[in-house]
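These notes are about the structure you will find just below.
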Amino acid sequence: MQRHEFVEQRRIALEKYLRRLAAHPVVGHSEELRTFLRAPALTSSYSQTDSEVDSEEGLPVPSRPQVVRDGMVGSVPAKGGRDFFGMFSNIKQTVVNGLGVGGSVAVPKLLEEDKDFLVKKAKVLDLSQQLTTISQQAETLVKAQQDMGETMGEMGMTFVKLSKFETEQSKSESQTLRADVTRQFALTAVKVSRLQRALNSQTVIHLDTLHEYLGLMIPINNAFSDRANALNTVQTLSADIMSLNARINKLEAASAKVFGQDRTKTSKIEELRENIRFTEDAKNNAIRQYERIKENNKSELQRIEKERRSDFQAMLKGFVNSQVTYSQRMAVEWEKLAEETKQYARPGH
Numbered sequence: 001m002q003r004h005e006f007v008e009q010r011r012i013a014l015e016k017y018l019r020r021l022a023a024h025p026v027v028g029h030s031e032e033l034r035t036f037l038r039a040p041a042l043t044s045s046y047s048q049t050d051s052e053v054d055s056e057e058g059l060p061v062p063s064r065p066q067v068v069r070d071g072m073v074g075s076v077p078a079k080g081g082r083d084f085f086g087m088f089s090n091i092k093q094t095v096v097n098g099l100g101v102g103g104s105v106a107v108p109k110l111l112e113e114d115k116d117f118l119v120k121k122a123k124v125l126d127l128s129q130q131l132t133t134i135s136q137q138a139e140t141l142v143k144a145q146q147d148m149g150e151t152m153g154e155m156g157m158t159f160v161k162l163s164k165f166e167t168e169q170s171k172s173e174s175q176t177l178r179a180d181v182t183r184q185f186a187l188t189a190v191k192v193s194r195l196q197r198a199l200n201s202q203t204v205i206h207l208d209t210l211h212e213y214l215g216l217m218i219p220i221n222n223a224f225s226d227r228a229n230a231l232n233t234v235q236t237l238s239a240d241i242m243s244l245n246a247r248i249n250k251l252e253a254a255s256a257k258v259f260g261q262d263r264t265k266t267s268k269i270e271e272l273r274e275n276i277r278f279t280e281d282a283k284n285n286a287i288r289q290y291e292r293i294k295e296n297n298k299s300e301l302q303r304i305e306k307e308r309r310s311d312f313q314a315m316l317k318g319f320v321n322s323q324v325t326y327s328q329r330m331a332v333e334w335e336k337l338a339e340e341t342k343q344y345a346r347p348g349h
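Position 135 (the sequence shown) corresponds to 135 in UniProt numbering; numbering is contiguous.
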């Protein structure tokens with residue numbers, strides 16, 4: 001890949017990323033985003049602590065450096081030096097490790113009663129597997145197109161050298177004609193190789209949408225984990241309250257068997273009741289937190305699904321159009337060569 005091609009691909013990816021942030025209902029209006037965009041040195045404006053804030057409100061946050069707390073979707077485009085294959089391979093492995101695609105991940109057994117959420121979660125996990133598979137196919141396609149362009153270019157340059165040799169060594173009209181045909185073929189092959197490389201650059205740009213959504217599976221899974229943790233907190237506090245009530249009942253039953261008042265047991269009972277009040281307050285807060293996460297999960301999944309449909313349609317349309325456009329341009333070059341050299345194929349010429 002040429003340097004200018006790589007720079008252009010990264011520029012397009014960064015522009016797409018920033019547009020996505022600006023369009024986000026939460027992030028787009030955040031002060032953090034404004035600060036990020038105005039910062040003179042983006043890489044040094046935020047500390048490691050800033051980039052590791054968790055998604056405590058149930059909004060997907062990126063696995064790459066971030067600048068806001070809630071609602072950010074996607075990841076910062078890859079830094080210089082990483083090619084298309086590296087981006088797919090690295091993020092694919094991260095998704096495999098994080099979502100359990102092809103492996104095993106310890107997940108706490110929780111009682112999630114939201115059937116609609118469970119259905120959507122299953123679809124997300126299935127989507128992550130599909131994206132992992134198609135990313136491998138995209139790698140193969142890009143590599144094949146890249147090899148085709150390089151091979152065509154090398155062949156063209158070889159025929160350029162051959163035509164030059166035949167021109168210098170020609171001693172008859174037939175040798176001169178053969179050298180001319182060879183040169184025309186060589187120039188066409190070089191032109192086609194350039195078109196092939198341009199097509200491959202467009203393919204990388206369009207298929208980068210797959211890389212983007214494959215990376216998005218990681219923060220979505222983190223948001224699911226936050227929801228599971230919140231539910232686990234509610235369940236733990238509920239169990240604590242039940243345990244405290246059981247202890248109170250046991251102490252009250254023991255006190256009833258004793259004539260008179262047992263100050264020690266009475267004091268202990270009051271202490272346990274106070275603990276129950278604190279625990280119930282904590283449980284109510286945990287429930288409110290869980291409900292907030294549920295709502296954020298619901299709205300974010302709806303938004304992401306809507307954007308995904310639009311992005312995938314645009315990706316496929318762009319991919320097909322670029323394939324057709326460049327294939328036609330390459331066909332024109334070969335047709336021109338055939339027209340220019342058809343006289344040499346006439347019998348007896």
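Just so you know, even glycine gets a beta-carbon here, dropped at the ideal spot from N, CA and C.
In this text, all values refer to a predicted model and were calculated from it rather than measured experimentally.
Check, Outcome
"Neighbour-count burial assignment, glutamine 343, 16 or more Cβ in a 10 Å radius", "exposed"
"Reduced DSSP secondary structure (H/G/I, E/B, other) of glutamate 252", "helix"
"Buried versus exposed call for threonine 133 [16 or more other C-beta atoms within 10 Å across all chains shown]", "exposed"
"Beta-carbon proximity list for methionine 155, same chain, < 6 Å, skipping 5 on both sides", "Ala189"
"Alpha carbon of glycine 102 to alpha carbon of alanine 253, nearest angstrom", "Here the model assigns glycine 102 a pLDDT of 40, short of 50, so the residue's position is not dependable, and the following value carries that caveat. About 54 Å."
"Asparagine 222 to tyrosine 213 span [Cα, whole Å]", "15 Å"
"Range covered by the alpha helix (DSSP H) that runs through glutamine 137", "115-169"
"Glutamate 112, DSSP secondary structure in three states", "coil"
"Alpha-carbon to alpha-carbon, serine 238 and alanine 144", "58 Å"
"Coarse secondary structure for valine 320, derived from DSSP in three states", "helix"
"Cα-Cα separation between residue 412 and isoleucine 293, rounded to whole angstroms", "Here the chain has residues from 1 to 349 only, and residue 412 is not among them."
"Local Cβ density within 10 Å of aspartate 70, reported as buried at 16 or more and exposed below that", "Low local confidence applies: a pLDDT of 37 at aspartate 70 is under 50, so the model's placement there is unreliable, and no value is given."
"Top-ranked residue by Cα proximity to glutamine 302, from Pro25, Asp208, Ile248, Gln9", "Pro25"
"Inter-residue CB distance, isoleucine 276 and asparagine 245 (contact presumed, cutoff 8 Å)", "7 Å"
"Alanine 338 in three-state terms, based on DSSP", "helix"
"Helix, strand or coil at serine 172 [DSSP, three-state]", "coil"
"Residue from Asp114, His206, Arg3, Glu31 whose Cα sits closest to the Cα of lysine 317", "His206"
"From Glu173, Lys298, Lys171, residue whose alpha carbon lies closest to that of lysine 115", "Lys298"
"Three-way DSSP call (helix, strand, coil) for glutamate 25 in this model", "In the sequence as displayed, the identity of residue 25 is proline instead of glutamate. Correct three-state label for proline 25: coil."
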